[in-house]
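Engineer:
Residue numbers (the numbering used here), protein chains in the order written: chain Z, 2 to 493; chain A, 2 to 493.
1) DSSP state of residue 270 of chain A, grouped into three classes?
2) If you follow the alpha helix (DSSP H) that residue 251 of chain A is part of, which residue opens it and which one closes it?
3) Can you name the start and end residues of the beta strand (DSSP E) that residue 47 of chain A belongs to?
4) Report the neighbours of residue 95 of chain Z on chain A: residues whose CB is nearer than 7 Å to its CB, in chain order.
5) Quick one: Cα of residue 3 of chain A to Cα of residue 181 of chain Z, how far?
6) On the DSSP bridge assignment, give the partners of residue 66 of chain A in chain order.
7) What is the DSSP secondary structure of residue 149 of chain Z, reduced to helix, strand or coil?
8) So which residues of chain Z does residue 64 of chain A contact, with C-beta pairs closer than 8 Å?
9) Quick check on the DSSP output: the alpha helix (DSSP H) that includes residue 127 of chain A runs from which residue to which?
10) Who are the neighbours of residue 37 of chain Z on chain A, taking C-beta pairs under 8 Å?
11) Under 7 Å between the Cβ atoms of residue 208 of chain Z and residue 240 of chain Z?
12) Look at the alpha carbon of residue 490 of chain A and the alpha carbon of residue 173 of chain A, and state the distance between them as a whole number of angstroms.
13) Looking at chain Z, is there any beta carbon in it that lies within less than 7 Å of the beta carbon of residue 162 of chain A?
14) If you follow the alpha helix (DSSP H) that residue 287 of chain Z is in, where does it begin and where does it stop?
15) Would you mind telling me which residues of chain D sit closer than 8 Å to residue 169 of chain Z, beta carbon to beta carbon, in chain order?
16) Beta carbons nearer than 8 Å to chain Z: which residues of the segment 122-153 of chain A have them?
17) Under 8 Å, with one C-beta from each stretch per pair, do the segment 241-252 of chain A and the segment 160-170 of chain A reach the 3-pair mark?
18) So, does the segment 91-105 of chain Z touch the segment 293-311 of chain A, judging by three or more C-beta pairs under 8 Å?
19) For the segment 13-34 of chain Z, enumerate the residues whose C-beta is nearer than 8 Å to any C-beta of chain A, in chain order.
20) Ordered along the chain, which non-local residues of its own chain (more than five positions away) have a Cβ less than 8 Å from that of residue 126 of chain A?
21) What residue from A:49, A:367, A:108, A:269 has the CA that sits closest to residue 250 of chain A's CA?
22) May I ask you to report which of helix, strand or coil DSSP gives residue 292 of chain Z?
23) Tell me the residue span of the alpha helix (DSSP H) that contains residue 450 of chain A.
24) Would a check of beta-carbon distances place residue 433 of chain Z closer than 7 Å to chain A?
25) If we count the other Cβ atoms within 10 Å of its Cβ and call it buried at 16 or more, is residue 139 of chain A buried or exposed?
26) Does DSSP put residue 110 of chain Z in a helix, in a strand, or in coil?
27) Taking residue 119 of chain Z as the query, report the chain A residues whose CB atoms sit under 7 Å from its CB, ordered along the chain.
28) Taking DSSP's pairing of strands, which residues face residue 72 of chain Z in a bridge?
29) Using the Cβ count rule (16 or more neighbours within 10 Å means buried), how would you classify residue 441 of chain Z?
30) Applying the criterion that 16 or more other CB atoms from any shown protein chain within 10 Å of the CB defines a buried residue, is residue 382 of chain Z buried or exposed?
31) Chain Z beta carbons: is any one of them nearer than 7 Å to that of residue 370 of chain A?
32) Helix, strand or coil for residue 404 of chain Z, going by three-state DSSP, please let me know.
33) Among A:435, A:330, A:400, A:429, which residue has its Cα nearest to the Cα of residue 457 of chain A?
34) Quick check on residue 462 of chain Z: buried or exposed, where buried means 16 or more other Cβ atoms within 10 Å of its Cβ?
35) What are the start and end residues of the beta strand (DSSP E) that includes residue 376 of chain A?
36) Mind listing, in chain order, the continuous beta strand (DSSP E) runs of no fewer than 3 residues lying wholly within the segment 325-366 of chain Z?
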């Protein structure tokens, strides 16, 4: 096991890329911009999926599945949506390969098999879903439609990075339709809160809930709610968005319903999504120069047990005891792996599980057998302690809860230390350069100012926090009046 | 609720198409050949996924995710695979749309954004996965690789039918790599058995396990194991396949390992899959002229409770009692819906849940309140009985188990009655025409005979049953020697 991980301080970006590959989360594939999510990485994604799916169902949503392809004309229907998304995408133009007559064993595209209308590989599914909803909604009794889809989507990104920006990625996309505006707005806010609850309590990543400015908003939306997280390098990462679509898609796809008075009205829509990008946020929030650090709620293996022995008799005695412990831990719902490979030394195993972020490591040697103890090591703070074997399963269970909590607290502290209120533009720039993070500043509310600041500093408005204090002030860039602070940051 | 379902006897195919749509399982989309899987249908698919996924993990497999796209050259690598699959498929040739300069609001494919190499939307993932495995396998210690993927795939079918044959469909595909031939063969057989166990015990569909003949085999495989089911119209349906790939893909993608003696060898492969096609098998095995019949193991709603009342007071009294029952049933793991809609009459509700195949319906009216009873109706045999409320939850739970078993028995009986041994070709044709089903006959083992029989009767060899008796005989078509019977049928 060669660790040789680049240090975060040296090159944060390189550290991230190396770690994702070395910890067996994902790797680049033979297809430009597309990744392979490896079993260990996928196991974490499955845990995220399971928890989110449960939350979606608890809030009344059902899953369904819509086509991968969207005919070009459907994209054009919602003009702003088309502007925002449809440009950089994978386009299917033909449906058959044939043997190359000039080159045996080679295949070429059959020129006769050209599609009448090109198909876009979905970059998002509003168009195909709203064109379907038209057939599903007649009366107010058919509403609300509360539907989610787990799917792959494709956006033809030129510069890609594992999990953070890939041509194909996995996500869920909720698409709901409602009889009233207020109900749709409530739904958008509810799902933002579901995301925030999940990311904070399950992934141990603190987020700011807020609204996007017009220029950062989803093209087809009236309002975009978001949750913004802060990575260890001081850059922000948008962890999830929830859009209030108004009647934009209903009008584009003619989705009307008869209200209680029998009058025809357009329905109100929302859409909301999180993606495998969250895997990137997970890595960049908690991990360190030794490798991954995983919150226990997401760790495929929560506890690894490593035997330390010289003789076969010792190993047998250790194994007998460990097998009992494993049963006790599993009964408490703890996922545990007993690493009794004889092909590798304990030091190698320690390094491997450290790299893979297993929250707790238990080592047991002949001394421990004599004393009735185990050595328990925490991955996050790299501490060790010797614990009596009596009741150790309860100790372990509690320790996992404690780690989950402390990882969150640590990330909150980091964010607190990297959120700075500034009142003039020189300070703005210097804070951004020196320590990064969120810069809380007054803004005059114009797209122009936002654009100027972005061009000068690369910082964008991450969000208008929902819990911001209404306070009058002067824009940090123009000095024009402002009604409250917004959060700027450089972002992924 | 308009049922008006075509009768199976009148037009089986029409009955199927109507039922899938009316029971809210799926519908055709605005994209040629692609379906929308509706929430009720998807809920059934999710139950299938959950059970299969559990079985895969119990047999040591992990999930992972590989790219949607396969570069054209990768397909060419395994020649037979390319012949078998790559022809009819969706081909991405461009990666950008642009505004049409001649037609405001319209989008056209940007001719400058042509891909250097075309990308095929995966019809199956052997090529992309084996090109990845090359990087994952160095030594025998890296083997076996036991990986599964849940994914969408695309095959450009000209004539499509909901679930049975669609351009895009959902499936799982297992892809494993082994150090020895025997281990790979064992894996192929193991996964065929996992499928058979699932389809029989969970879906209540009996299957024949067998081997495909050369002409029905997966192009890149040395041997294809399959499970074959029989539908109510006497046609067979291939419910799952498991391929022993030999070293074909290992050689095509140069996947070698150092064995225990340090010698380089090619690895041995398998792949295996089942798809949303199983939804079609489910509908066509159990359902009837009144609608869906679902085995309790797969029913999203196992029990529906319908109140029958004239006054609000009656409804309240019924609801109080039903709420207690619902809790008791849920504690037993029974999924139950209380349909207390006041917008619809009981008769409408009965018809709706009948159409949707809910296994048990409980009705309760004022008389039942007085007598301490419920009326319990079975969907599968359309029977009714009055049951005392004391301990009814246990009665219901047992009844569900009984229904699951009886559906399977009924399907086995149907298959037994529709499996005919024939010994001459006239009989072969007449059985096939009069009652269909499996025709068990001797075959001389040649592709030519198989082809001739297919051309004359539309029947193909569904499989060489694994449990067939070795018996010498004469081919039903040529009279040439044969070593045992094979199963012929017309098939989906």
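Ideal placement from N, C-alpha and C gives every residue a C-beta, glycine not left out.
Structural biologist: This is what the structure gives:
1) Taking the first residue of the second chain as position 1, residue 270 of chain A is located at position 269. Of the three classes helix, strand and coil, the one that applies to residue 270 of chain A here is strand, per DSSP.
2) Taking the first residue of the second chain as 1, we reach residue 251 of chain A at position 250. Unbroken alpha helix (DSSP H) run through residue 251 of chain A: 249-253.
3) As a position in the second chain, residue 47 of chain A is number 46, starting the count at 1. Premise fails: residue 47 of chain A lies in the alpha helix (DSSP H), 40-59, not in any beta strand (DSSP E).
4) Here residue 95 of chain Z is taken as the residue at index 94 of the first chain, counted from 1. Going along chain A in sequence order, the residues near residue 95 of chain Z (Cβ under 7 Å) are 92, 94.
5) As a working note, residue 3 of chain A is residue 2 in the second chain. As a working note, residue 181 of chain Z is residue 180 in the first chain. Its pLDDT being 48, under 50, residue 3 of chain A is placed unreliably by the model, and nothing is read from it.
6) The residue labelled residue 66 of chain A in the question sits at position 65 within the second chain. Per DSSP, Z:38.
7) Start at 1 with the first residue of the first chain, and residue 149 of chain Z comes out as number 148. Residue 149 of chain Z falls in the strand class under three-state DSSP.
8) By 1-based counting over the second chain, the position of residue 64 of chain A is 63. Near residue 64 of chain A (Cβ distances below 8 Å), the residues of chain Z are 40, 43, 44, 47.
9) For the purposes of this step, residue 127 of chain A is taken as residue 126 along the second chain, with counting starting at 1. Looking at the DSSP string, the run of the alpha helix (DSSP H) that includes residue 127 of chain A is 127-137.
10) Taking the first chain and counting its residues from 1, one reaches residue 37 of chain Z at position 36. Per Cβ cutoff of 8 Å: 65, 66, 67, 68, 133.
11) As a first step, residue 208 of chain Z is located in the first chain; it is residue number 207 there, counting from the start. As a first step, residue 240 of chain Z is located in the first chain; it is residue number 239 there, counting from the start. Going by C-beta atoms, residue 208 of chain Z is nearer than 7 Å to residue 240 of chain Z.
12) Here the question's residue 490 of chain A lines up with position 489 in the second chain. Here the question's residue 173 of chain A lines up with position 172 in the second chain. So the two alpha carbons sit approximately 26 Å from each other.
13) In the second chain, counting from the first residue as 1, residue 162 of chain A sits at position 161. Taking Cβ atoms only, chain Z never reaches closer than 7 Å to residue 162 of chain A, which makes this a no.
14) Numbered from its first residue, the first chain carries residue 287 of chain Z at position 286. Looking at the DSSP string, the run of the alpha helix (DSSP H) that includes residue 287 of chain Z is 278-287.
15) As a matter of chain content, chain D is missing from the structure shown, whose protein chains are Z and A.
16) Among the residues of the segment 122-153 of chain A, those with a Cβ less than 8 Å away from any Cβ of chain Z are 122, 129, 132, 133, 136, 142, 148, 152, 153, in the order of the chain.
17) They do not touch, by the three-pair rule.
18) As far as the Cβ criterion goes, the segment 91-105 of chain Z does not touch the segment 293-311 of chain A, which means the pair count is below three.
19) 28, 30, 31, 32
20) Along the second chain, one-based indexing puts residue 126 of chain A at 125. Hits under 8 Å: 67, 71, 150, 152, 154, 174, 176.
21) Indexing the second chain from 1 puts residue 250 of chain A at position 249. Checked all of A:49, A:367, A:108, A:269; the closest Cα to residue 250 of chain A is A:269.
22) Along the first chain, one-based indexing puts residue 292 of chain Z at 291. Strand.
23) Along the second chain, read from residue 1 onward, the residue named residue 450 of chain A stands at position 449. Here the alpha helix (DSSP H) through residue 450 of chain A covers 448-458.
24) The sequence position of residue 433 of chain Z within the first chain is 432, counting from 1. Output row for residue 433 of chain Z: interface = no.
25) In the second chain, residue 139 of chain A corresponds to position 138, counting from 1. By the neighbour-count rule (16 or more Cβ atoms within 10 Å), residue 139 of chain A is not buried but exposed.
26) Residue mapping note: residue 110 of chain Z aligns to position 109 of the first chain, counting from 1. Three-state result, residue 110 of chain Z: strand.
27) Locating residue 119 of chain Z in the first chain gives position 118, where the first residue counts as 1. Result: 110.
28) Locating residue 72 of chain Z in the first chain gives position 71, counting from the first residue. In DSSP, residue 72 of chain Z forms a bridge with Z:120.
29) As a position in the first chain, residue 441 of chain Z is number 440, starting the count at 1. That one is buried.
30) By one-based count along the first chain, residue 382 of chain Z stands at place 381. That one is exposed.
31) One-based indexing of the second chain puts residue 370 of chain A at position 369. Not an interface residue.
32) Your numbering for residue 404 of chain Z matches position 403 in the first chain. DSSP places residue 404 of chain Z in helix when its eight states are reduced to three.
33) What you label residue 457 of chain A is simply residue 456 of the second chain in a count that begins at 1. Per the Cα distances, A:429.
34) For this step, residue 462 of chain Z is matched to residue 461 along the first chain. With 16 or more Cβ atoms within 10 Å of its Cβ, residue 462 of chain Z is classed as buried.
35) The residue given as residue 376 of chain A occupies position 375 in the second chain. Unbroken beta strand (DSSP E) run through residue 376 of chain A: 374-379.
36) Counting only runs of 3 or more, we get 337-339, 361-365.
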